[in-house]
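*Asks:*
In our numbering, the protein residues as written are 7 to 206.
(1) Residues in its own chain within less than 6 Å of residue 69 by CB, not counting five upstream and five downstream?
(2) I think residue 133 touches residue 196, with their Cβ atoms under 8 Å apart; what is that distance to the nearest whole Å?
(3) So, with DSSP's three-state summary, where would you put residue 19?
(4) Heavy atom of the ligand FMN less than 7 Å from the Cβ of residue 191, yes or no?
(5) Tell me the rounded alpha-carbon separation between residue 164 and residue 77.
(6) Tell me which same chain residues have a C-beta within less than 6 Å of the C-beta of residue 174, skipping the five on either side of it?
(7) Across the region 38-51 and the region 85-92, are there enough close Cβ pairs to call them in contact, namely three or more that are closer than 8 Å?
(8) At the level of alpha carbons, what is the spacing between residue 55 and residue 32?
(9) Nearest to residue 155 by CA position, among 119, 185, 143 and 104, is which residue?
(10) Tell whether a beta-carbon distance below 8 Å holds between residue 162 and residue 171.
(11) Any idea what DSSP makes of residue 126, helix, strand or coil?
(12) With the cut-off set at 8 Å, would you say residue 92 and residue 79 are in Cβ contact?
(13) With a floor of 4 residues, list each alpha helix (DSSP H) that falls wholly inside the region 76-107, ordered by position along the chain.
Here it is as structure tokens:
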């Protein structure tokens with residue numbers, strides 16, 4: 007699902023794909039165009055259902071950010087013995103090259119995933135609960151992805167574009183430097199800011 011400029015992604019457009027390691031499936035929300043022959047995308051955002059403890063896929067050259075958005079959390083166990091807890095709504099960054107096992111605590115979880123080719127992008131993920139309004143900090147070349155986890159929200163830009171998003175819908179803005187997102191009471195949204203690190 008390649009994105010240029012602005013678009014809204016409805017629930018019907020979401021694509022379910024197998025994990026790279028074959029251990030499950032992921033609902034792909036969106037991906038940025040490939041910028042190198044060795045990678046199919048420059049950034050990718052998805053939601054995964056994790057029903058059992060198991061290894062993460064390895065993605066060389068990729069920086070990852072993950073947040074549990076449903077369930078009682080999960081622990082990331084790294085090859086060197088480190089254990090990093092993943093609590094609800096709390097994003098964690100890690101290297102896609104790492105050997106990582108996701109250890110469930112006592113129930114299946116759903117997680118929100120952001121992956122970027124570090125040659126071209128860096129990513130910041132926030133899980134925002136309503137009611138409230140946020141204005142993501144952006145620069146030239148930025149891409150902002152807004153995905154509604156629960157309830158509804160409204161995104162607007164200075165030029166007058168106003169988009170209302172329902173649960174599981176997504177809006178993507180590219181190159182907007184004056185963006186405002188209003189999250190309704192009881193709603194929750196994942197907001198990703200992708201900065202183009204190749205822009206000088």
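Heads up, the beta-carbon is just placed ideally off N, CA and C, and yes, glycines get one too.
*Replies:* The structure says:
(1) Hits under 6 Å: 122 and 124.
(2) Contact between residue 133 and residue 196 holds, with the beta-carbon distance rounding to 6 Å and staying under 8 Å.
(3) Secondary structure of residue 19 (DSSP, three-state): helix.
(4) This structure simply doesn't include the ligand FMN, nor any ligand for that matter.
(5) When the Cα atoms are used, residue 164 and residue 77 turn out to be separated by approximately 37 Å.
(6) Cβ within range, chain order: 17.
(7) No, the region 38-51 is not in contact with the region 85-92.
(8) About 7 Å.
(9) Checked all of 119, 185, 143 and 104; the closest Cα to residue 155 is 119.
(10) In this structure, residue 162 keeps its C-beta atom at 8 Å or more from the C-beta atom of residue 171.
(11) Residue 126: coil per DSSP, three-state reduction.
(12) It is a contact, given that the beta carbons lie within the stated cut-off.
(13) Here no run is fully enclosed.
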